[in-house]
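Numbering (our numbering), first residue to last: 2 to 516.
For every residue, glycine included, the Cβ atom is placed at its ideal position computed from N, Cα and C.
Computed from a predicted structure; not experimentally measured.
Working notes, beginning with the structure itself.
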Ligand code: NAD
C-alpha cells in the first residue's frame, strides 16, 4: 500500500493539522469520542490510504451528548457579542490554517486545490458574517391592542444542533452551520461524511486552541464519526434541530425520523440545476458559466450544472463551442493547478456515472462528447472520468435524477415560457440560471412565474454561491436555508412576550371575565 506522497506538501499539511499519517490501524487526530470500528480514508487523487479513523460507538456518542448538554447551560449565558468574539478568533485561526486545510480538502475529497482554498475562504467569510450577526439577533416589537401593555418577540438558542454533512463540502457546510449556531448560543455535535472524516478532525483541531484559550467548555463543539452516529442524532430527543446536507434519499429518512419526534430540520439535499441559454445570451459568458458549472468539482457540487436548455436558433453553435471547450479540459491530480477536472470521490461514484450514461443512451440520448474512465499513469486511483455531454429529453428518467458526476444533458427550446417549464420540470429545486441580455426574459425568469428554485441567477452559472445570501432550495432539495440573510432564525426559538405595566387585567379581543 502506497504511503502519503510528499508531493504537493501533503505530509506537511497533515502534520500542521495534527493528523497522524497512519497505516497501522490506530485512531488518528484528536476526536475524543471514538472507540469503535475503523473507517479508512483514501485519497481519490492517488488512491493512497491517508489514515484510519476510529468511529464513535453508542457509548462515545452518549458521552459527547452529555458534554454538549452540559456545555449548553454555560454557553447560552455568555452574551452573544462575546460568543461572536470567540467566533472571530476561530476565523483568525482558519486564516492561519487556510493552506494546509485547503490541501487536505483537495487531497481527501478530490476537488481542485483552488476550490479547496475557496472552501476554507468560505469558512473565514462565514466567521466574519457571524461576528457581525452576534450583535444583530434582532426581534420585533408590536403595538398591543390593550392599554399599558407592551409586546415584543425575542430569540433564544435552541440547544444542541446536530450537523450531518456531505462529502463534497467537507468543511464549509459545518462552518455555515456551526458559526451561526454558536453566535446564536447553541452547541453543536457534528458527524462529517464517512468519506472525508479527516477534514472533520482537522477542523476540530484548528478551533480547539480557541476554545481552550477562552475557557469554553469542550462540549460546545463535538465530533462523532461513523454512520451509526447519524441515526443516533436523528433519533435523539435532546437534539431539537438537525441540519442535514446530503442526498435526497437519506434526507427523506432523516426528515421523517426527526419529524416523528417533533424535532426541526434544515434539509440541504440534491439539486438538478439548469442553465437556460437564450438567443440573446453572450455566448462567451455562457461558455465559462456552463463549463465550470458542469465540470467543476468533477460535477460533484449540489449546484453543478446538469442541464443546458438552449434556444433552437443558437443550439448548433453553442454545442460546437462546448465541444471545443471540452476537448481542451485537462483531467488529472486536483492538487496540480494545471488540471481542470479532478477525480470522483470513489469507485462507487464512477459506477454510478457509467450506469447513468448507459441509461441515458437506452432512453434515446445521443452522445455529443464521449465519457468514460480515464486510465494510465497518474490515474491509478480509478476515480478519474471524462466529462461528457448528452443530448437528451427532459422527461428521461435519468435526466430527472441527480447523478453526482460530470454529465451534462443538453436540450432545445423554442419559447422562453417553454424553457422555464423545462427548467422547473424536475423534482429538485436548488439552483437555476438564465444567460440573456433581454430585460424581459430576465424579469420573467425571476418573477413568480419564473424559476421555482431557491437560487435563480442571471448571467452567472448555477454554482458558486456567496455566503451573504440564504442558501438552499425547494421541492426535493428540502426547503432548508443556511448561511446568510436571516438563515440564523432556524437556529433559534422565537418567543413572544407581553408585559402588562398597568393595574388592570384586560383580556385580548375585548373578552369580559368579571369575578
Ligand atoms: P449522502 O446522503 O450519501 O450522505 C450525507 C451524510 O449522511 C453523510 O455524512 C453520511 O455519512 C450520512 N448518513 C448516511 N446514512 C445516514 C443515516 N441513516 N442517518 C443520518 N445520516 C446518514 O450524501 P453524499 O454522497 O455525502 O453527498 C452528496 C449529496 O449531497 C448530493 O445529493 C448533493 O446534492 C447533496 N448536497 C447538497 C447540498 C445542498 O446544500 N443542497 C450541499 C452539498 C451536498
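(message) Which same chain residues end up closer than 6 Å to residue 265 when comparing Cβ atoms and leaving out the 5 residues on each side of it in sequence?
(response) 242
(request) With a threshold of 6 Å, establish whether the CB of residue 295 neighbours any heavy atom of the ligand NAD. (result) no
(message) Using a Cβ-based criterion (distance less than 6 Å to any ligand heavy atom), does residue 397 qualify as near the ligand NAD?
(response) no
(message) Between the alpha carbons of residue 269 and residue 463, how many angstroms are there, rounded?
(response) 16 Å
(request) Could you check the C-alpha separation between residue 291 and residue 443 for me, to the nearest Å? (result) 18 Å
(message) Just to confirm before moving on: does the CB-CB distance between residue 384 and residue 344 stay below 7 Å?
(response) yes
(message) Can you tell me whether residue 458 sits near the ligand NAD, meaning its C-beta is under 6 Å from at least one heavy atom of the ligand?
(response) no
(message) In the DSSP assignment, the alpha helix (DSSP H) including residue 216 goes from what residue to what residue?
(response) Careful: residue 216 lies outside any alpha helix (DSSP H) and carries neither H nor E.
(request) Going by DSSP, name the residue or residues bridged to residue 142. (result) 153
(message) Just checking residue 303 against the ligand NAD - is the residue's beta carbon closer than 6 Å to any of the ligand's heavy atoms?
(response) yes
(request) Could you check the C-alpha separation between residue 41 and residue 349 for me, to the nearest Å? (result) 15 Å
(request) Could you tell me whether any non-hydrogen atom of the ligand NAD is closer than 6 Å to the CB of residue 167? (result) yes
(request) Using only alpha-carbon positions, find the residue among 488, 38, 460 that is nearest to residue 470. (result) 488
(request) Please report the residue range of the alpha helix (DSSP H) in which residue 254 lies. (result) 249-261
(request) Quick one: residues in its chain with C-beta nearer than 6 Å to the C-beta of residue 89, no 5 flanking neighbours on either side, listed in chain order? (result) 132
(message) Measuring straight from C-alpha to C-alpha, what distance separates residue 537 and residue 177?
(response) Lying outside 2 to 516, the shown extent of the chain, residue 537 is not represented and no answer is given.
(request) Could you give the DSSP three-state label for residue 364: helix, strand or coil? (result) coil
(message) Determine whether the beta carbon atoms of residue 275 and residue 433 lie at a separation below 7 Å.
(response) yes
(request) Name, in chain order, the residues that DSSP records as bridge partners for residue 496. (result) 155
(message) Within 8 Å, do at least three Cβ pairs link the segment 293-305 to the segment 330-344?
(response) yes
(request) Using three-state DSSP, classify residue 89 as helix, strand or coil. (result) helix
(request) Kindly provide the ranges of any beta strand (DSSP E) runs that are 3 or more residues long and lie completely inside the segment 44-131, ordered along the chain. (result) 50-55
(message) Within a Cβ cutoff of 7 Å, which residues of the same chain sit near residue 399, ignoring the five residues on either side of it in sequence?
(response) 357, 360, 361, 364
(request) Find out if the Cβ-Cβ distance for the pair residue 495, residue 156 is shorter than 7 Å. (result) yes
(message) Whole angstroms are fine: how far does the CA of residue 419 sit from the CA of residue 450?
(response) 12 Å
(request) Express the C-alpha separation of residue 503 and residue 245 in angstroms, rounding to a whole number. (result) 47 Å
(request) Flag this pair as yes or no: are the beta carbons of residue 248 and residue 271 separated by less than 7 Å? (result) yes
(request) Compute the Euclidean distance between the alpha carbons of residue 455 and residue 378, then round it to the nearest angstrom. (result) 42 Å
(message) Between 125, 435, 112, which has its C-alpha nearest residue 468's C-alpha?
(response) 125
(message) For residue 72 and residue 187, I'd like the C-alpha separation in whole angstroms.
(response) 9 Å
(message) Give me, in chain order, the residues of the same chain whose beta-carbon lies closer than 8 Å to that of residue 414; leave out the 5 immediate sequence neighbours on both sides.
(response) 277, 310, 311, 312, 313, 420, 423
(request) Examine the ligand NAD and report whether any of its heavy atoms sits within less than 6 Å of the Cβ of residue 232. (result) yes
(message) My output table needs one value for residue 208: the three-state DSSP class, helix, strand or coil.
(response) helix
(message) Which same chain residues end up closer than 7 Å to residue 410 when comparing Cβ atoms and leaving out the 5 residues on each side of it in sequence?
(response) 307, 308, 391, 393, 400
(message) Does the beta-carbon of residue 269, which I'm using as the reference point, lie nearer than 6 Å to any heavy atom of the ligand NAD?
(response) yes
(request) Confirm the yes/no value for this check: CB of residue 172, any heavy atom of the ligand NAD, distance under 6 Å. (result) no
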